[in-house]
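A.B. asks: Numbers given in the working numbering equal positions in the sequence shown, counted from 1, plus 1336.
We treat Cβ as the ideally placed atom computed from N, Cα and C, and that holds for glycine.
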Amino acid sequence: MPVTSGVPWFDDRGRTVNAHGACLLRQDGRSYLFGEYKTDDLNLFAGFSCYSSADLVNWRFERIVLPVQPDGLMGPGRVGERVKVMKCPSTGRYMMYMHSDNAGYTDPRICVAVSDTIDGEYTFLGELTHRGEPVRRWDVGTFQDDDGTGYLLLHEGDVYRLSQDYLTAQELVADGIARGGESPAMLKHDGTYFLMFSQKTSWESNDNFYLTAPAVEGPWTHRGYFAPEGSLTCNSQCTYAFTHTTADGDVPIYMGDRWSFPHQASAATYVWLPLHVRGDTLAIDTYWGAWDPLTCRPAEFTGREADVRFSSGTTGDGIGIPFTGSRIVLVGRSRPDGSYARVELTSTDGTVISSIYVTFYSKVPDDGYRYVSPVLPRGDYLLQVTVLGEPTEWSDKSGERFGSVGTRVVIDRALVLD
Ligand code: GLA
C-alpha cells in the first residue's frame, strides 16, 4: 500500500489521523508520529497526539500524549502548535517541545514537557529558557545530530544547541539566518546540513526554501526553493524531515502540512515526499499523490472505474456512489475556487462508518486523489459526497485575506478496489 499525500489518512480505529505540524521518531522498528490534534471549529489547543506505524502507511492511535492542561500556558483557551519530540541520550527521557500562544498569537512561548516513555503521557514543565530567560518565539523545530547533540530550530532562523539534559537552550549557534522564515525543519545527509523554512503566509502554502552548511554552527548558505517554483511546495508547508531506510539505501523524507482552515481535523492533510539529495542540493523533483515506501518510487491505485463525474458549488448538491468492494478512491480537482465536501461512508443498513470534511481547495490547481477510504471488509457500501457550500477562509496577522474564492467540488472518477 502506498503513502498518500493530500488526502485524509485513516487510523486503526477508522478515524482520521489527526497529527498536524508533526514530527516523527523511530524506535524498535516502529515510527512514532506526534502532531497537533486539531478540531473542526476552534483553533485552540486540543492536545498533542501520537500514532505509530511499522510501514508509514498503517497508523495505530497510541494516545493524546499531552492533553489540555488544567490551566496555564497549555491550558484552556491557549494555542498549542508544532510539537517536536527527541529522546535525550544523557537522561534516556523523551523531551517534547512546543509553541504555546494566546488565541491572537500575541503571547508566543516555547515550552517543554517530558516523559519516561515515548508514548507518554508527558509531564508539562513550562517555558524553555536560555540563560534564565524564556525563549519567546513561535514556530519550533528540532534536530538531533549523530553524536546526540540536540538543537532547537526557530522561525527567522535562530538555532540553539540544547544543554546535555535537553532541558534548556544552552547556546545560540545560528542567529537570524532565515529572516521571514517559519516552520523550520533540518536534516543531515552525507555530512551536509539542510535547513528548510516556509515563508509567512499563515495557513496558505508558499514556496519553501532551504539553506545548507557543513556544520550546524554554519556558515549557512541560502539555496533557494527545494520544490518546483510556483508549486507552493506542492501546496504544503514543511514541518519535519526524517531518514527512511529502503533496500536501496537511506532516503530523506519531507513531511509537510496542507492546511485547511477552519476545518483542520480531517481536511488538513499531509504531504510526504522523498527528497532528492545531489551533493549539497535538495529537491522534491515532482509531486507524487502516492508512492511506495519500499522503493520510494511513485505508485497508483488500480481498481474498477466508476463513472461519477460531478461538479457543483451549490450547497447541498451531491452524489451517491454505491459500490461493492473493500475500498473506494475519488479522483478529482482541487483549485482556488474549490472548497469543502462532506464525505460520508455508510454500510447498506445505513450505519455511518465515517463522515468527514474533504477539501477541494488548493491555490495551485491539482488533479489527483482527493479521498481514499479506509480499508473495509469486502461488501456493499454507499459513499455520499455533499457540497458544504462554505469557503476555506482565514486572515494572516496583518489582516490579509486568504483562502478559497468559491465552494466548488469536482470529482472526475472513482476507483473501487476489490
Ligand atoms: C503559520 C505557522 C503555523 C501556525 C499558522 C497560524 O503557518 O507555521 O504553525 O502558527 O501560521 O496562522
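(1) For Thr1528, list the residues DSSP reports as bridge partners.
(2) Can you have a look at Lys1733 and say buried or exposed, based on whether 16 or more other CB atoms are within 10 angstroms of its CB?
(3) Given 8 Å as the limit, tell me if Thr1569 has its C-beta closer than that to any heavy atom belonging to the ligand GLA.
(4) Which partner residues of Glu1398 appear in the DSSP bridge assignment?
(5) Could you name each continuous beta strand (DSSP E) segment of 3 residues or more that falls completely within the segment 1547–1603, going from the start of the chain to the end?
(6) Please name the residue in Asn1354, Ser1691, Glu1507, His1435 whose C-alpha comes closest to that of Pro1518.
(7) Locate the beta strand (DSSP E) running through His1491, then write down its first and last residues.
(8) Can you tell me the Cβ-Cβ gap for Cys1570 and Ile1620, rounded? I've got them flagged as a contact below 8 Å.
(9) Taking 8 Å as the cut-off, is the C-beta of Tyr1546 nearer than that to any heavy atom in the ligand MN?
(10) Under 9 Å, do Val1708 and Phe1637 count as touching if we go by C-beta distance?
(11) Got a sec: does the ligand GLA put a non-hydrogen atom nearer than 8 Å to the Cβ of Asp1732?
(12) Indicate the three-state DSSP secondary structure (helix, strand or coil) for Ser1334 in the structure shown.
(13) Can you tell me which of the three DSSP states Ala1439 falls into?
(14) Measuring CB to CB, does Gly1656 end up less than 9 Å from Arg1640?
(15) What are the start and end residues of the beta strand (DSSP E) that includes Asp1748?
(16) Report yes or no: do the segment 1579–1590 and the segment 1500–1507 share at least 3 C-beta pairs separated by less than 8 Å?
(17) Is Gln1573 near the ligand GLA, going by C-beta to nearest heavy atom under 8 Å?
C.D. replies: The short version:
(1) According to DSSP, which records beta bridges pairwise, Thr1528 is partnered with His1525.
(2) exposed
(3) At a threshold of 8 Å, Thr1569 does not count as near the ligand GLA, since its beta carbon sits no closer than that to any of the ligand's heavy atoms.
(4) BP columns for Glu1398 are empty, so no partner.
(5) 1557–1561, 1573–1582, 1585–1594, all fully within the segment 1547–1603.
(6) At residue 1518 the sequence reads Glu, which differs from the Pro that was named. When only C-alpha atoms are compared, the closest one is His1435.
(7) First-last for His1491: undefined, no H or E at that position.
(8) 6 Å
(9) Summarising the ligand content, the structure contains the ligand GLA and does not contain the ligand MN.
(10) Yes. Within cutoff.
(11) yes
(12) Look at the range of the chain in this structure, 1337 to 1754, and you will see that residue 1334 is not part of it.
(13) coil
(14) no
(15) Its beta strand (DSSP E) spans residues 1745–1753.
(16) no
(17) yes
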